[in-house]
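Encoded as structure tokens, the structure appears first; notes follow it.
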Amino acid sequence: EPEVTQTPSHQVTQMGQEVILRCVPISNHLYFYWYRQILGQKVEFLVSFYNNEISEKSEIFDDQFSVERPDGSNFTLKIRSTKLEDSAMYFCASSGAFGYTFGSGTRLTVV
Amino acid sequence: AQSVTQPDIHITVSEGASLELRCNYSYGATPYLFWYVQSPGQGLQLLLKYFSGDTLVQGIKGFEAEFKRSQSSFNLRKPSVHWSDAAEYFCAVGAPTGGFKTIFGAGTRLFVKA
């Protein structure tokens with residue numbers, strides 16, 4: 004079964020540093036998403052992306068965040084200047100006509 | 002506003018006993034409904050989903066869920082719980098068209114006692 008692949012699985016970064024989380028969505032899916040789950044809390048929507056532009060974003064997705072589809076296969080989330088409160092599990096997802104699939108997540112730890 | 006409510010923060014059941022996890026949703030249109038399971042520190046695994054048709058849906062690991070439109074509910078059930086079912090369970094709702102975001106409930110932590 005097709006999978007959404009996320010790399011790295013774990014990332015530790017220093018506060019103030021930029022970090023890029025990477026995702027390879029399912030190849031025939033057209034919609035891409037990022038979600039965040041702070042430890043012990045529920046999964047929260049960050050942003051959706053379609054046709055090379057953001058289609059919806061939450062209030063969490065402020066100016067420190069950006070998304071990009073740099074080529075035909077990758078979908079990235081960039082956090083420009085990380086803060087301690089950015090520590091969380093970040094999930095990428097993609098969807099097509101009847102499929103909606105989450106990746107296994109990247110655990111980001113900001114120290 | 003769109004929302005998902007899981008009234009039980011945690012539930013403890015004995016191994017071999019039946020399980021029902023509750024989920025209520027608020028959504029303006031016909032929803033897509035999902036149940037995910039998450040083990041500690043791990044990703045989300047889809048247990049089952051409801052898009053349309055038969056309101057009783059079967060999923061993996063022996064789980065099933067029933068969509069009740071009149072009650073805005075999508076409760077998850079399993080007739081006999083195994084110790085390996087101990088995990089966090091999330092109910093989620095989305096829109097029936099492409100590009101929808103998924104809205105998650107707060108989750109129910111399941112503990113299984115021997």
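Protein sequences, first through last, are from chains A and B.
Using this note's numbering, read the first sequence as starting at 4 and increasing by one per residue.
Using this note's numbering, read the second sequence as starting at 2 and increasing by one per residue.
Glycine included, every Cβ here is placed at the ideal spot set by N, Cα and C.
Nothing here was measured: the structure is a model prediction, and the numbers come from that model.
Cβ-based burial, residue i [other Cβ within 10 Å; buried from 16]
i, result
"M92 of chain A", "buried"
"P41 of chain B", "exposed"
"P80 of chain B", "exposed"
"W37 of chain A", "buried"
"I23 of chain A", "exposed"
"S82 of chain B", "At residue 82 of chain B the sequence reads Val, which differs from the Ser that was named. When all chains shown are included, V82 of chain B counts as buried."
"L49 of chain A", "buried"
"A100 of chain A", "exposed"
"Q39 of chain B", "buried"
"D89 of chain A", "buried"
"A2 of chain B", "exposed"
Where residue i falls: helix, strand or coil (DSSP)
i, result
"E88 of chain A", "helix"
"K62 of chain B", "helix"
"S85 of chain B", "helix"
"S71 of chain B", "helix"
"T56 of chain B", "coil"
"R72 of chain A", "coil"
"G29 of chain B", "coil"
"C24 of chain B", "coil"
"T116 of chain B", "No information on residue 116 of chain B is available, as it lies outside the stretch 2 to 115 that chain B covers here."
"S19 of chain B", "coil"
"V114 of chain A", "coil"
"E81 of chain A", "The residue you asked about is not Glu; residue 81 of chain A is Lys in the sequence shown. In the structure shown, K81 of chain A sits in a strand (DSSP, three-state: E or B)."
"N55 of chain A", "coil"
8 angstroms Cβ cutoff met for residue i and residue j
i, j, result
"V113 of chain B", "A87 of chain B", "yes"
"Y37 of chain B", "L48 of chain B", "yes"
"Y26 of chain B", "S4 of chain B", "yes"
"L77 of chain B", "A66 of chain B", "yes"
"V27 of chain A", "S98 of chain A", "no"
"I57 of chain A", "F68 of chain A", "no"
"F35 of chain A", "F78 of chain A", "yes"
"Y51 of chain B", "F68 of chain B", "yes"
"S51 of chain A", "G100 of chain B", "yes"
"H3 of chain A", "G102 of chain A", "Any answer about residue 3 of chain A is impossible in this case: the structure gives chain A only from 4 up to 114."
"F94 of chain A", "V46 of chain A", "yes"
"T109 of chain A", "Q9 of chain A", "yes"
Chain-order list of residues whose beta-carbon lies under 8 angstroms from that of residue i (same chain, five-residue window excluded)
i, result
"D9 of chain B", "L22, R23, T109"
"T103 of chain B", "F35, A93, V94, G95"
"E21 of chain A", "K81, I82, R83, S84, T85"
"S15 of chain B", "V82, V113, K114, A115"
"F64 of chain B", "W36, L48, L49, L77, R78, K79"
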